[in-house]
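Below is one structure, written out as structure tokens, with a few remarks after it.
Numbering (my numbering), first residue to last: 14 to 100.
This is the structure:
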């Protein structure tokens, strides 16, 4: 889930594929696998800018999913902290 979160976070304000791939610290094959799935599922959308560039942006659906991932990580983290306190 961390890889998905990294990709969606980097694309929040629009970025090209290379920037997203490097910021998510992925090689081309792994990036392509995750990125294609996110595009197909509607979590990321391709946009053409006014100056002719192509950027990819996280959709509202992707933002909701990113929030779910974040909430899940918080719950897991707090439970781990609680279990360490109890033991």
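Even glycine gets a Cβ: it sits at the ideal position worked out from N, Cα and C.
Asked, Found
"Beta bridge counterpart(s) of residue 69 as assigned by DSSP", "28 and 59"
"Delimiting residues of the alpha helix (DSSP H) encompassing residue 18", "15–23"
"CA nearest to the CA of residue 51, picked from 36, 71 and 61", "71"
"Alpha carbon of residue 75 to alpha carbon of residue 21, nearest angstrom", "7 Å"
"Endpoints, the alpha helix (DSSP H) within which residue 64 is located", "Careful: residue 64 lies outside any alpha helix (DSSP H) and carries neither H nor E."
"Exposure of residue 33, with buried meaning 16 or more beta-carbon neighbours within 10 Å", "buried"
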